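> Quick one: structure below, then a few questions.
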Amino acid sequence: MSYSGTGPGQVVSFENVSKHYGSLKAVDGLSLDLRKGETVALLGPNGAGKSTSLDMLLALRKPTSGKIKMFGSDPYHAVKSGQVGAMLQSGGLMPEVTVRELVTLVTGLHPRPVPVDTTLRRAGVAQIAEQRVDRLSGGQTQRVRFALAIVGDVDLIVLDEPTTAMDVETRRLFWASMKEEVAEGKTLLFATHYLEEADQAADRILVINRGRLLADGTPAEIKARAGAKQLSFRLGGVDEPFLLGLPGLVSLEIRNDVVHIQSRDSDATLYALLDAGYRPKEVEIGSLGLEQAFIAITAEDDRSNAAEPVAGETAS
Amino acid sequence: MQGTLLLAQTEFNRLRRNRRYFLFTLALPVVLYLIVAKQGKSAYGVDFSAYYMVAMATLGAFSGALNGNAIRISEERKLGWIRQLRLTPLPANGYVVAKLLVSMATTIPSIVIVFLLGYFYGGVRMAAWEWIVVGIVVWLGSMIFAALAVAIGYRFPPDQVQPITALIFFGFAILGGVWFPLSGGLQKIGEVTPTYEAVKISTDVIGGTSVPIGLIAGLMIWLLIFAGLAVLSVRATAETV
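These protein sequences, in sequence, are chains A and B. So in the numbering used here, the last spot in the first sequence is 332, and the numbers never skip. So in the numbering used here, the last spot in the second sequence is 231, and the numbers never skip.
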C-alpha cells in the first residue's frame, strides 16, 4: 500500500516526509496513508522515528521536507478544529486541580464535547474524579491522559504507547474502552512496543525502522513476510547439503541432531524430506510470532544498512 | 477567546489554593508597610507613608507577576502541560494570554490591600482620580514583569528560574527605589529601571507635579523589550515545548 493521493475516506497521508536533526535522519522519506475506521499500529524499535512521526502529524514539529495532510487540510488546522484527540508520552497534566476539573476544562475547549461523566467512565477514572491530578499513580495518570484524548467527538485518535505504566487488568479495560471508540467509526493510530498488543488490537500494522516504512499489512501479512513457519525435528546423521536443498527453505540451523528450519512452505519441505526416505522424530510445525517477524524484518533492514551507517547511531 | 477565558478561569481557581502566591504578593508588602511606613518623613516630594504605599503596591504587583508566573510556566513546560494544550483546540497563543489575564486579575487585590492600608494606617489622602491613576500605573506596570516571566519561563528549566527571577526582581526592587528611596549615584543608575519609573510616576501624580514624558516612554520601552523577549522565547522553544 503506497501513497495514493487524497482519496475518499482518507484520514491521514504522509507524502515523502522527512525530519532531519543535523545529519541525523529521524524520519527519512516516510509515505503512508490511513483510511477511515482503521485501527493501525505503528511498530518500531526505540529511535525508529515513531514519536517524531506522531509529533509531526500533530503539528508539534514541522517536517524538514514532504507533506502531511489530515482530513484534507494541514495538521495544525485539523488539531485546532478538534478533529483529532491525542495522547502522547510527553504530554503532561495541569497540577493542583482535580481530575474532574481538568477533564471539564479540556472538554470546554472542544467544539464537539462529550459529556464529562461519559469521558470519566470510558477512561476508567470516574472513581478518582475528585482526586488531585498531581497525586495519582503512574497508571492512573496514564488513564487521565487518555481521558483528555477522548473529551471530544473526534474522528481520529492518536496514542503514543498508551498502555505504558498500566497493569495487566487496566490494559485490558483500556482496550475494551478503545473498542467502544472504534465501533463509532473513529480511526485509531497507536504506537507501541508491545507486539502482542499490535497483534490483537490492530487490523493493520506499519513497521518502521530508521525513519522509513518497512512493512505495511495485516498482522497475518506481517508475520508471513518474515518467512512463514518454523519446522523442527530430531534426525540422526543428517546430510546438511541435502537439507539445504529442501523446497521452501529460508534458513537452517542444526544443533547435534535437532534441526530447525524456517520455511515459506512447511508442508512441501516436510513432504520432500519424507519422500527422500528420512523418518524424522518429534516433528513440530509452528508459526513465527509477530515478535520474530518484527525482529526478522528490522534485522534485515539493519543488515542492509550496515554498509552505510546512519549518523547518530554510533552514539548508542 | 472563549477557550482562553475558560483556561484563565481554571487557572484562577487553581491559584486560590496556592500559598506561595499569597505569601509573596499579599502578605509581604503588608508586613513591610506596617514596619517601615512610619520610619521616614518624606521621599520624592511626598509623605513617606504615601511613597511607601506606592512602593509596596509595586513590590506586590511586580513580584506576583514575575515570581509566580515564571516558575509556573517553566514547571508546566517541563511537565508537558503546555504540550498537552497544543493538542487541544485551544488557540496557539491561548496559554500565554490566559497567564497574562490571570496575572492582571490577581494583581488587583495586592494593590487594593496596600492602598487600604495606606489610607487607614498611613493616613494617605488624595483625590479619587489620583487613587485610580496611581492604581492603574502600578497595575499596567506589572504587565512588564508578566511579559518577562513568559520570556524566562519558556527559556529556562524550573531549577534555574528561581535564582534568575530572584536576581532580577531584587535588582529591580533595590535599584528602582522600592526598598528605600534612591539618591546620588545609585539614583542615576536606578532611574532607567521600570520599578523606579512606576514608583516615580505615582509619586509625581500624588505630589501634584507634572509627570515627565520620559518616565512614561521608559515604561513603554521596557514593555516592548520584555514582550519581544517573550515572543522570541516562545518561538525558540516551539518544537520542544
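We put the beta carbon where it would ideally sit given N, CA and C, even for glycine. Computed from a predicted structure; not experimentally measured.
#1: Verify the CB distance criterion: does Pro79(B) have a CB-CB separation below 8 Å to chain A?
#2: Do you know how far the Cα of Ile72(B) is from the Cα of Ala141(B)?
#3: Evaluate Glu229(B) with the Cβ neighbour count: other Cβ atoms within 10 Å of its Cβ, from every protein chain shown; 16 or more gives buried, anything less gives exposed.
#4: Could you tell me whether the Cβ of Arg73(B) comes closer than 8 Å to any Cβ of chain A?
#5: Among Thr55(A), Met110(A), Gln99(A), Thr285(A), which one has its Cα closest to the Cα of Leu69(B)?
#6: So which residues on chain A does Pro0(B) lean against when the C-beta distance must stay under 9 Å?
#7: Starting from Ser192(B), trace the alpha helix (DSSP H) in both directions and tell me its first and last residue.
#8: Does the beta carbon of Ser89(A) sit closer than 8 Å to a beta carbon anywhere in chain B?
#9: Does Arg9(B) come within less than 8 Å of chain A when only Cβ atoms are used?
#10: Between the Cα of Ala142(A) and those of Asp150(A), Val149(A), Asp133(A), spot the shortest distance and give me the residue it belongs to.
#11: Just to confirm the assignment, what range does the beta strand (DSSP E) spanning Leu164(A) have?
#12: If you reduce the DSSP assignment to three classes, tell me which class Lys83(A) lands in.
#13: What number of angstroms, rounded off, separates the C-alpha of Arg62(B) from the C-alpha of Val266(A)?
#14: When the cut-off is 8 Å and only beta carbons count, does Gly70(B) lie next to chain A?
#15: Tell me the DSSP bridge mates of Ser32(B)?
#16: So that I know if they touch, is there some Cβ in chain B lying closer than 8 Å to that of Ser97(A)?
#17: Between Ser334(A) and chain B, is there a C-beta pair that is closer than 8 Å?
#18: Would DSSP call Val326(A) helix, strand or coil?
#19: Please tell me whether Ala139(A) has its Cβ less than 8 Å away from any Cβ of chain B.
#20: Does the beta carbon of Arg320(B) come closer than 8 Å to any beta carbon on chain A?
#21: Indicate the three-state DSSP secondary structure (helix, strand or coil) for Phe206(A) in the structure shown.
#22: If you follow the alpha helix (DSSP H) that Ala220(B) is in, where does it begin and where does it stop?
#23: Does any residue of chain B have a CB that is nearer than 8 Å to the CB of Val27(A)?
#24: Are the C-beta atoms of Glu187(B) and some chain A residue less than 8 Å apart?
#25: Can you confirm whether Arg225(B), when its beta carbon is compared against all beta carbons of chain A, has any partner nearer than 8 Å?
#26: Does the distance from the C-beta atom of Ala47(B) to that of Pro19(B) stay below 8 Å?
#27: Use the C-beta contact count for Ile122(B): other C-beta atoms within 10 angstroms, 16 or more gives buried, fewer gives exposed.
#28: Please list the segments of the alpha helix (DSSP H) lying wholly inside the segment 198 to 271 of chain A, counting only runs of 4 or more residues, in order along the chain.
#29: Is Leu152(A) close to chain B, meaning its C-beta is less than 8 Å from at least one C-beta of that chain?
#30: Kindly indicate the opening and closing residues of the beta strand (DSSP E) around Val33(A).
#31: Using DSSP bridges, identify the partner residues of Leu50(A).
#32: Report back the beta-carbon spacing between Ser29(A) and Asp49(A) to the nearest angstrom; my notes put them in contact at under 8 Å.
#33: Under 8 Å by Cβ, that's how I've got Ala40(B) and Val114(B) pegged, so tell me the actual separation to the nearest angstrom.
#34: Taking a cut of 8 Å between CB atoms, which residues from the segment 76 to 88 of chain A lie near chain B?
#35: Over what stretch of residues does the alpha helix (DSSP H) that includes Val102(B) continue unbroken?
#36: For Leu164(A), return the contacting residues in chain B, with the cut-off set at a CB-CB distance below 7 Å.
Let's see:
#1: yes
#2: 15 Å
#3: exposed
#4: yes
#5: Met110(A)
#6: Before going on, a small fix: residue 0(B) reads as Thr here, not Pro. Here the neighbours are Met110, Val113, Glu117, Leu118, Thr120, Leu121, Gly124.
#7: 184 to 197
#8: no
#9: no
#10: Asp133(A)
#11: Element bounds for Leu164(A): not the beta strand (DSSP E) but the alpha helix (DSSP H), 154 to 165.
#12: strand
#13: 59 Å
#14: yes
#15: Asp37(B)
#16: yes
#17: The structure shown does not extend to residue 334(A), since chain A is modelled only from 17 through 332, so no value can be given for it.
#18: Only weak support is given to the placement of Val326(A): the predicted model assigns it a pLDDT of 47, under 50, and the question is left unresolved by the model.
#19: no
#20: The question about residue 320(B) has no answer here: the residues shown for chain B are numbered -9 through 231.
#21: strand
#22: 203 to 226
#23: no
#24: no
#25: no
#26: yes
#27: exposed
#28: 211 to 217, 235 to 241, 256 to 260
#29: no
#30: 26 to 37
#31: Val28(A)
#32: 4 Å
#33: 5 Å
#34: Leu76, Arg77, Lys78
#35: 84 to 110
#36: Gln74
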